[in-house]
Each structure stands twice: as C-alpha cells, then as structure tokens.
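Numbering (the numbering used here) for the sequence shown: 452 to 612. Glycine included, every Cβ here is placed at the ideal spot set by N, Cα and C. Bear in mind that the values here come from a model prediction, so they are computed numbers and not experimental data. Report on one structure; see the data block that follows.
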Amino acid sequence: MRVKEREPNVAEVDMTPMIDIVFQLIAFFMVITNFENTRADERVKLPIDAIARPIEAPRDKDLLLNVGFNRNADGSVIGDPDEALVFDQADEGKGVPIPQADAILAREARGFQDEGTKLEDVTVVIRADAEVPSGQIQNLISKAQAQQFTLFAVKAQQEEQ
C-alpha cells in the first residue's frame, strides 16, 4: 500500500499583537518622558526653597537661560567663582559671562521676532545656580529688559518636607 506523503505543517506566528504591544510601549514612554528636563543644564545646581512650586499653566513661548559655573567631577567650581556664566545651547553648552550675554539675548530676540512672536509674550525662564549672587541675576534681567523682554520666571527646587 502506498502512503501519501504529507507536507509538514508549519505553524505561522501572527506578529500583529506583538507589533501592537511595541507601539503601545513607544506611546507610553513618550507620554511619561519629562521634556522639561531636556533643556536643563547639569552644571546648574538649583537653589532649594520652601515656596517653590511647579508652574500651574504651561507657557506658550519661553526662553530658558541656564546660569551657573563650569564644574569638575567633584562639583567644585572651575575658573573664577565670582563670574557666573550663561550657558548657550546653540554653542554646544559653552558658557558666556553675564556681562557679555547681550549677544545671546539679541540673537534669541531676533529669533522670536522672525517667527512673528511679540517679545512681550515671551517668558524668560532663568535657571540659576544656588551659588550665583542675586546681583548678577538682576544684571541679566536688566540686559533682557534692554532687549524688550518683559516676563520673567526663576526656577528653584521645591524643599522636601
């Protein structure tokens, strides 16, 4: 008697559920990612304050200025501790002394004006290191006001209770 040869049964795996799960994971991680910290500079150690709180309403347009010092691996200040730097994201994080920050502020003001944004609507957010003297921050604010910026916010860490 002749036996018919059967073709082997190969089970095919349905990849559709796997693809669905991967896309759901991607969406989940995009939602939980804190994009606020992507613009933060690790060289800036924010002051801790009891009345610091997160913003209540998101701002449409803001200009983030990281002000601090160049530091080595152990956290001590490199260079002149009396000279705070404005870290420029456009120049690979290179610091510019506050007295020379006019160029950064003028470039940012031109950028906002070129996109049609009024400078009165732009909030200048200053992330200043805890060790930066307040007089230098006031100097930076006056330079920003000279460029027609009018809204300001200062970042600090909330004190843990």
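Residue 482 sits in a helix when the DSSP states are folded into three classes. The beta-bridge partner set that DSSP reports for residue 517 consists of 538, 578. In this structure, 548 is the residue among 530, 548, 472 with its C-alpha nearest to the C-alpha of residue 587. Below 8 angstroms, enough C-beta pairs join the segment 569 to 579 and the segment 511 to 529 to call them touching: three or more.
Contact between residue 524 and residue 583 is absent: CB atoms are separated by about 21 angstroms, not below the 8 angstroms threshold. A residue is called buried when at least 16 other Cβ atoms come within 10 angstroms of its Cβ; residue 598 meets this threshold and is buried. The three-state reading of DSSP puts residue 569 in coil, since its state is none of H, G, I, E or B. Among the bridge pairs identified by DSSP, residue 594 is matched with none. With a 10 Å radius around the Cβ and a threshold of 16 neighbouring Cβ atoms, residue 526 comes out exposed. With a beta-carbon spacing of about 4 angstroms, residue 513 and residue 574 fall inside the 8 angstroms limit used to define contacts.
Going by DSSP, residue 545 is part of the beta strand (DSSP E) stretching over 545 to 548. Between residue 564 and residue 570, the gap from beta carbon to beta carbon is short of 8 angstroms. With respect to the 8 angstroms criterion, residue 602 and residue 552 are not classified as neighbours on the basis of their beta carbons. In the structure shown, residue 522 falls within a strand segment according to DSSP collapsed to helix, strand and coil.
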